[in-house]
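Visitor:
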Amino acid sequence: MNRTVARRRIRAALGLGLWIGLGLGLASLCAPASANYREDFESTDVTWRLADSDAAARVTYHQRSFEQAHTGNASEQIQIAAGRGTYARVCLEIEPTRIIPELSPSLWLKADRAGLQFQMRVVLPRTRHPRTGEPLTTLLYGDLYNQVGTWQRVAIADVRKELERQERVLRTQFPNVDTREAYIDLVVLNAYGGPGLTTLWVDELVIAGHVSVEAGVNAPEFVPPSARNVSYPTQNPDEYSAGSESAESFAPERLPTRVQINGSVLTVGGRPFLPRMIDYNGEPLDWLRERGFNTIKLRTEATPELLAAAAEHEMWVVAPPPVGLRDNADSVGRLGASLRSDPRHTDTGQAYLRHSDPSHNDSGYSGADPRSLGSDYARVLAWSLGRQLGPRDLTSTRQQVDELRRSDPLARPILGAVDGDLWAYSQMLDAIVADQPVIGSTFPLRQFEAWLRVRRRLMRSETPLWVAVQTEPSVELQTQIDGLLPARGESHALEPNQVRLMTFAAAAAGARGIYFRSYSPLNAPGPTAERRAKTLQMLNAELELLEPWMAGGTPGPSIDAADPNVRIASLMTDRSQILLVTRQADDQQFVSSVPSTEAIHFVVPGSSGTGDVFQVTSQGLLPLTHRRGAGGVRVVLENAGLATLVLVAREQLVLNHVARSVRQASR
Numbered sequence: 303m304n305r306t307v308a309r310r311r312i313r314a315a316l317g318l319g320l321w322i323g324l325g326l327g328l329a330s331l332c333a334p335a336s337a338n339y340r341e342d343f344e345s346t347d348v349t350w351r352l353a354d355s356d357a358a359a360r361v362t363y364h365q366r367s368f369e370q371a372h373t374g375n376a377s378e379q380i381q382i383a384a385g386r387g388t389y390a391r392v393c394l395e396i397e398p399t400r401i402i403p404e405l406s407p408s409l410w411l412k413a414d415r416a417g418l419q420f421q422m423r424v425v426l427p428r429t430r431h432p433r434t435g436e437p438l439t440t441l442l443y444g445d446l447y448n449q450v451g452t453w454q455r456v457a458i459a460d461v462r463k464e465l466e467r468q469e470r471v472l473r474t475q476f477p478n479v480d481t482r483e484a485y486i487d488l489v490v491l492n493a494y495g496g497p498g499l500t501t502l503w504v505d506e507l508v509i510a511g512h513v514s515v516e517a518g519v520n521a522p523e524f525v526p527p528s529a530r531n532v533s534y535p536t537q538n539p540d541e542y543s544a545g546s547e548s549a550e551s552f553a554p555e556r557l558p559t560r561v562q563i564n565g566s567v568l569t570v571g572g573r574p575f576l577p578r579m580i581d582y583n584g585e586p587l588d589w590l591r592e593r594g595f596n597t598i599k600l601r602t603e604a605t606p607e608l609l610a611a612a613a614e615h616e617m618w619v620v621a622p623p624p625v626g627l628r629d630n631a632d633s634v635g636r637l638g639a640s641l642r643s644d645p646r647h648t649d650t651g652q653a654y655l656r657h658s659d660p661s662h663n664d665s666g667y668s669g670a671d672p673r674s675l676g677s678d679y680a681r682v683l684a685w686s687l688g689r690q691l692g693p694r695d696l697t698s699t700r701q702q703v704d705e706l707r708r709s710d711p712l713a714r715p716i717l718g719a720v721d722g723d724l725w726a727y728s729q730m731l732d733a734i735v736a737d738q739p740v741i742g743s744t745f746p747l748r749q750f751e752a753w754l755r756v757r758r759r760l761m762r763s764e765t766p767l768w769v770a771v772q773t774e775p776s777v778e779l780q781t782q783i784d785g786l787l788p789a790r791g792e793s794h795a796l797e798p799n800q801v802r803l804m805t806f807a808a809a810a811a812g813a814r815g816i817y818f819r820s821y822s823p824l825n826a827p828g829p830t831a832e833r834r835a836k837t838l839q840m841l842n843a844e845l846e847l848l849e850p851w852m853a854g855g856t857p858g859p860s861i862d863a864a865d866p867n868v869r870i871a872s873l874m875t876d877r878s879q880i881l882l883v884t885r886q887a888d889d890q891q892f893v894s895s896v897p898s899t900e901a902i903h904f905v906v907p908g909s910s911g912t913g914d915v916f917q918v919t920s921q922g923l924l925p926l927t928h929r930r931g932a933g934g935v936r937v938v939l940e941n942a943g944l945a946t947l948v949l950v951a952r953e954q955l956v957l958n959h960v961a962r963s964v965r966q967a968s969r
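For the sequence shown, the positions run 303 to 969 when our numbering is used.
So, in structure tokens, the structure goes:
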């Protein structure tokens with residue numbers, strides 16, 4: 303009996319094994335065979351090429367380097383010279399690969415500047431471009447390079463998810479887009495590191511989960527560049543530039559520049575971005591751009607004319623959403639705080655501001671179709687839902703946020719100036735604006751930074767804080783001044799040092815954006831407006847210098863000074879530290895104090911002090927007397943004004959950035 307049972311069990315096990323084997327065999331026949339696609343860059347032939355740029359980019363040096371490698375013996379080195387812009391794309395042709403869940407592309411990258419980004423071009427064979435008839439192409443975006451001077455692995459973590467995100471963007475221009483059977487044919491690097499020279503090395507490209515696309519069915523037959531007798535020049539910038547014949551085949555569909563918030567960092571086109579924003583009062587946009595602003599803040603929705611002008615002059619716009627969208631979000635007719643306008647605003651009569659007053663709207667423009675928040679609004683950096691938002695506005699604000707999330711395929715950030723219930727708003731909005739009038743009020747200027755830090759702790763840590771800085775007296779104060787000093791004909795001017803101290807306090811508290819409040823045209827006639835414009839131009843130059851630390855760094859610990867009236871805050875990146883040194887006194891919100899002439903002594907503690915120490919001046923970097931000892935680096939700062947920048951860095955790249963910013967500011 304036991305033998306019979308045993309024989310039956312053996313036969314059953316053999317039968318089950320046979321069925322499992324057949325099943326696995328059929329599965330292997332049905333499933334595409336995936337493998338790893340590798341390029342180790344070990345030969346002497348270069349394979350990358352400059353394909354596309356909006357910065358007049360050109361290759362100045364290109365070769366296989368046998369002095370730099372992540373693995374093996376070689377890498378590919380490229381040096382690019384560029385002007386102002388946002389991208390300089392170099393690309394590498396690969397065997398077309400299907401987009402499947404297992405697809406995982408990565409590359410090792412080393413560069414002398416941060417902000418480079420790993421990308422891939424995807425081809426959509428089932429969607430034809432209506433103009434060319436060719437398959438539509440677009441880009442998928444991966445990691446940013448930020449470890450300057452070292453090898454960093456960059457990748458696209460979830461290719462399918464990134465394609466789904468990009469599909470929503472494509473639908474703003476191509477409603478019938480079809481991403482089925484999509485495949486990747488180019489590895490792309492946005493090699494733009496800023497104006498000037500950027501040098502990079504690439505090594506060890508791995509595309510895990512590579513499944514070849516059947517040639518002739520969905521993709522053309524792949525022939526490696528080496529087999530086509532294609533050569534790319536190494537040092538002929540006149541011929542090898544973006545838009546040259548060697549780059550003709552690279553033409554991803556032009557899409558709006560991507561704006562998103564990663565963690566607490568705002569990125570534009572994949573690069574950390576610090577808004578230098580001002581209330582718009584009809585000034586020419588090129589005039590504002592020349593004075594260092596990169597963003598304007600509108601009190602009412604943007605007109606097509608203004609958005610076109612912003613695109614022409616490379617300015618960004620923060621504006622309320624279209625009226626139709628707000629009406630949809632508030633069916634009971636209460637639009638909430640987003641419809642509040644500033645009482646100081648007056649129409650200037652210029653065409654861009656006609657929408658500020660319905661009586662001036664002779665163009666027939668009465669708000670955009672809320673279903674069309676796509677490429678027409680490409681220059682909108684963020685949507686603003688108003689000022690003085692508090693607990694009573696939570697419901698209406700949430701409705702507007704939900705409607706915007708549904709209607710905006712570009713998923714731009716949503717922000718608002720919040721007075722109360724910060725935690726709830728920081729969960730709902732993408733950025734919070736802190737707008738506290740200080741100058742001329744009873745609010746002590748020396749407490750402004752501490753107040754901002756408290757608000758920061760009351761918010762989600764991932765929600766960035768933008769800070770409003772006064773450039774003119776508040777409405778109430780100006781009314782009082784007008785009563786005491788009638789017929790002045792222009793607004794009262796704040797002291798430049800007061801505006802600078804507020805800006806330094808905002809930076810020290812970790813502000814990711816600076817919003818200059820302005821109630822009258824900055825280009826108005828008269829000495830007051832002229833002085834204000836010059837003050838803000840100098841501040842914008844300092845903010846541009848501080849951008850790597852403010853946009854992508856983190857606030858570090860404060861540093862004690864021997865003088866209790868000296869405040870030293872720090873902003874840190876992986877390889878450098880910048881100190882914001884301010885002399886503080888009581889009642890600086892009424893009148894800025896006279897700076898002391900005494901030297902400031904302090905210690906940069908621990909390992910953060912491993913670097914040379916410089917005072918940042920209008921003439922350049924001034925080496926400071928310092929001595930390493932127990933506890934850190936002892937520094938002596940002489941000739942410090944009310945607000946001074948001190949740089950602690952050893953990397954030559956950091957020093958070059960600061961020196962270049964100072965030179966540009968002094969022109």
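Positions of the beta carbon are idealized from the N, C-alpha and C atoms, including for glycine.
Using 7 Å as the threshold, is the C-beta distance between R398 and V508 below it?
Guide: Sequence index remark: in the sequence shown, residue 398 carries index 96 (1-based). Sequence index remark: in the sequence shown, residue 508 carries index 206 (1-based). The amino acid at residue 398 is misidentified as Arg; the sequence shows Pro. No. Outside cutoff.
Visitor: On a Cα-Cα basis, can you pick out the residue from S920, Q738, Q729 and V682 that is closest to P558?
Guide: Taking the sequence shown and counting its residues from 1, one reaches residue 558 at position 256. Cα-wise, what sits closest to P558 is V682.
Visitor: Using only the alpha-carbon positions, how far apart do M617 and D678 sit?
Guide: Within the sequence shown, the letter at position 315 stands for residue 617. Within the sequence shown, the letter at position 376 stands for residue 678. Distance between the alpha carbons of M617 and D678: 15 Å.
Visitor: Rounded to the nearest angstrom, how far is the Cβ of V960 from that of L923, given a contact under 8 Å?
Guide: Taking the first residue of the sequence shown as position 1, residue 960 is located at position 658. Taking the first residue of the sequence shown as position 1, residue 923 is located at position 621. Indeed, because the Cβ distance is near 6 Å, the residues count as touching under 8 Å.
Visitor: Determine the direct distance from the alpha carbon of P897 to that of A978, and round the result to whole angstroms.
Guide: Past the edges of the chain, shown from 303 to 969, lies residue 978, and the structure says nothing about it.
Visitor: Report the CB separation of L939 from P766 in whole angstroms; it is logged as a contact under 8 Å.
Guide: Residue mapping note: residue 939 aligns to position 637 of the sequence shown, counting from 1. Residue mapping note: residue 766 aligns to position 464 of the sequence shown, counting from 1. Not quite, the Cβ-Cβ distance comes to about 30 Å (not below 8 Å), so this is no contact.
Visitor: Let's see if you can read the secondary structure: which residues bound the alpha helix (DSSP H) around R700?
Guide: Taking the first residue of the sequence shown as position 1, residue 700 is located at position 398. Element bounds for R700: L696 to S709.
Visitor: Locate the beta strand (DSSP E) running through A383, then write down its first and last residues.
Guide: The residue given as residue 383 occupies position 81 in the sequence shown. Unbroken beta strand (DSSP E) run through A383: S377 to A384.
Visitor: Buried or exposed: D876, going by 16 or more other Cβ atoms within 10 Å of its Cβ?
Guide: For this step, residue 876 is matched to residue 574 along the sequence shown. So D876 counts as exposed.
Visitor: Return yes when the Cβ of S377 is within less than 7 Å of the Cβ of F269, no when it is not.
Guide: There is simply no residue 269 to check, as the chain begins at 303 and stops at 969 in what is shown.
Visitor: Is G718 near the ligand GTP, going by C-beta to nearest heavy atom under 6 Å?
Guide: For the ligand GTP, the structure offers nothing, since it holds no ligand at all.
Visitor: Indicate the three-state DSSP secondary structure (helix, strand or coil) for D445 in the structure shown.
Guide: Start at 1 with the first residue of the sequence shown, and residue 445 comes out as number 143. Note: D445 maps to strand in three-state DSSP.
Visitor: Quick check on the burial criterion: 16 or more other C-beta atoms within 10 angstroms. Buried or exposed for T474?
Guide: To locate residue 474, count along the sequence shown from 1; it is residue 172. Answer is buried; the Cβ neighbour count reaches 16.
Visitor: Count the other CB atoms within 10 Å of the CB of T373; is the residue buried (16 or more) or exposed (fewer)?
Guide: To locate residue 373, count along the sequence shown from 1; it is residue 71. Flag for T373 reads exposed.
Visitor: Please classify N564: does DSSP put it in a helix, a strand, or coil?
Guide: Locating residue 564 in the sequence shown gives position 262, where the first residue counts as 1. In this structure, N564 counts as strand in the three-state DSSP scheme.
Visitor: Enumerate in chain order the residues of its own chain whose CB-to-CB distance from H615 is below 7 Å, with the five nearest sequence positions on each side excluded.
Guide: For the purposes of this step, residue 615 is identified with residue 313 of the sequence shown, where counting begins at 1. L587, D588 and R591, listed in sequence order.
Visitor: Looking at the secondary structure, which residues open and close the alpha helix (DSSP H) in which G854 lies?
Guide: Residue numbering aside, residue 854 sits at position 552 when the sequence shown is read from its first letter. G854 -> alpha helix (DSSP H) spans P829 to G854.
Visitor: Going by alpha carbons, who is nearest to E900 out of A871, A864 and S894?
Guide: For the purposes of this step, residue 900 is taken as the residue at position 598 of the sequence shown. Selected option, being the one with the closest Cα: A864.
Visitor: In whole angstroms, what separates the C-alpha of G933 from that of V950?
Guide: If you number the sequence shown from 1, residue 933 lands on position 631. If you number the sequence shown from 1, residue 950 lands on position 648. Straight-line Cα distance between these residues: approximately 16 Å.
Visitor: Assuming L845 contacts R578 (C-beta within less than 8 Å), just tell me the rounded distance between them.
Guide: Sequence index remark: in the sequence shown, residue 845 carries index 543 (1-based). Sequence index remark: in the sequence shown, residue 578 carries index 276 (1-based). That pair is a contact at about 5 Å.
Visitor: Taking 6 Å as the limit between beta carbons, can you name the residues of its chain near F595, skipping five residues before and five after?
Guide: Stepping through the sequence shown from its first residue, residue 595 is reached at position 293. Counting only Cβ-Cβ distances below 6 Å, and skipping sequence neighbours, we find R578 and I580.
Visitor: Going by C-alpha distance, which of T805, L944 and E849 is nearest L838?
Guide: Looking up residue 838 in the sequence shown gives position 536. For L838, the nearest C-alpha among the options comes from T805.
Visitor: Which residues in the same chain as G718 place their Cβ atom closer than 8 Å to its Cβ, once the five residues preceding and following it in sequence are excluded?
Guide: For this step, residue 718 is matched to residue 416 along the sequence shown. Excluding sequence neighbours, G718 sits near A639, S640, S686, L687, G688, R689, L691, T699, Y727, L731, I734 and V735.
Visitor: Taking DSSP's pairing of strands, which residues face K412 in a bridge?
Guide: What you label residue 412 is simply residue 110 of the sequence shown in a count that begins at 1. BP columns for K412 point to W503.
Visitor: Under three-state DSSP, which class holds G742?
Guide: Sequence index remark: in the sequence shown, residue 742 carries index 440 (1-based). In this structure, G742 counts as coil in the three-state DSSP scheme.
Visitor: Would the segment 470–486 count as touching the segment 425–435 if we require 3 or more Cβ pairs under 8 Å?
Guide: Cβ pair count under 8 Å is three or more, so yes.
Visitor: Can you give me the Cβ contacts of N958 inside the same chain, cut-off strictly under 6 Å, excluding the 5 residues immediately before and after it?
Guide: Within the sequence shown, numbered from 1, the residue matching residue 958 stands at position 656. So the list is empty, once near-sequence residues are dropped.
Visitor: Keeping to the same chain, check which residues put their C-beta closer than 7 Å to that of D737; ignore five residues upstream and five downstream.
Guide: Position 435 of the sequence shown holds residue 737. Same-chain partners within the cutoff: R689, A719 and A770.
Visitor: How far does the alpha helix (DSSP H) with Q729 in it extend, from its first residue to its last?
Guide: Along the sequence shown, one-based indexing puts residue 729 at 427. First-last of the alpha helix (DSSP H) with Q729: L724 to M730.
Visitor: If distances are taken between C-alpha atoms only, which option among P859, A353, L803 and G943 comes closest to G908?
Guide: Taking the sequence shown and counting its residues from 1, the one referred to as residue 908 is at position 606. The shortest C-alpha separation from G908 is found at P859.
Visitor: I'd like to check one pair, Q381 with L411: are the Cβ atoms closer than 7 Å?
Guide: Locating residue 411 in the sequence shown gives position 109, counting from the first residue. Locating residue 381 in the sequence shown gives position 79, counting from the first residue. No; because the gap between Cβ atoms is not below 7 Å, this pair is not in contact.
Visitor: Going by the CB atoms, is the gap between Q800 and S894 shorter than 7 Å?
Guide: Numbered from 1 along the sequence shown, position 592 holds the residue referred to as residue 894. Numbered from 1 along the sequence shown, position 498 holds the residue referred to as residue 800. Yes, the pair counts as a contact, with Cβ atoms nearer than the cut-off.
Visitor: Considering only DSSP beta bridges, list what D581 is partnered with.
Guide: Here residue 581 refers to the residue found at position 279 when the sequence shown is read from its first residue. In the DSSP output, where bridge partners are listed per residue, D581 has K599.
Visitor: Quick one, which of L472, F575, G435 and N338 has its alpha-carbon nearest H512's?
Guide: Along the sequence shown, one-based indexing puts residue 512 at 210. Among L472, F575, G435 and N338, the Cα nearest to that of H512 belongs to N338.
Visitor: My output table needs one value for E616: the three-state DSSP class, helix, strand or coil.
Guide: Start at 1 with the first residue of the sequence shown, and residue 616 comes out as number 314. Residue state, collapsed to three classes: coil.
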